[in-house]
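Trainee: Okay, here's the structure, questions in a sec.
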Amino acid sequence: MIKILCNANGLCENGENFANCPEDCEMGIADDSCDGIADGRVDPDCAPGFDPDSGTAKPAETLGPSIPGFELIYGLLTLAAVYVLTRKH
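In the numbering used here, the protein residues as written are 15 to 103.
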C-alpha cells in the first residue's frame with residue numbers, strides 16, 4: 015500500500031492535491047487531480063467537459079464512456095451476439 019503524505023507546509027508539493035492535502039492545495043489548481051467541483055475555477059487537470067466551471071461541461075447523466083465510436087462498437091457487438099444466439103447449429 016502506498017501512503018501519500020501531506021506535508022502541511024502551505025505549499026502544494028509533488029504528490030499532494032486537494033483530495034489528499036487540502037491544507038496545502040486549493041480547489042481548481044494544477045495538482046495532477048481533477049476535482050470536478052463547481053468552485054468558480056476551471057481545473058487545468060480536468061479533461062475537456064469534466065469541470066462544471068469550464069462552460070462546456072456535460073451534465074453527469076450524459077457522461078458516458080469516453081471511447082470514440084462507443085455506440086458503433088456497442089451496436090456491432092449486439093448484432094454479433096444476436097447472430098450467434100439465433101443461428102442454427
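Every residue gets a Cβ at the ideal spot worked out from N, C-alpha and C, and that includes glycine.
1) I'd like the list of long-range same chain contacts for Ile43, defined as Cβ closer than 8 Å, with 5 residues on each side in sequence excluded.
2) Nearest to Asp38 by alpha carbon, out of Tyr97, Asn23 and Leu90?
3) In three-state terms, what does DSSP make of Glu40?
4) By alpha-carbon positions, which one of Asp49, Asp46 and Leu19 ends up nearest to Cys35?
5) Taking the Cβ atom as the reference point for each residue, do Asp53 and Asp67 lie within a distance shorter than 8 Å?
6) Can you tell me the Cβ-Cβ gap for Cys60 and Gly50, rounded? I've got them flagged as a contact below 8 Å.
7) Going straight from the alpha carbon of Met41 to that of Ile87, what length do you get?
Mentor: Checking against the coordinates, here is how it stands:
1) Cys26, Phe32, Arg55, Asp57 and Pro58
2) Asn23
3) coil
4) Leu19
5) yes
6) 6 Å
7) 37 Å
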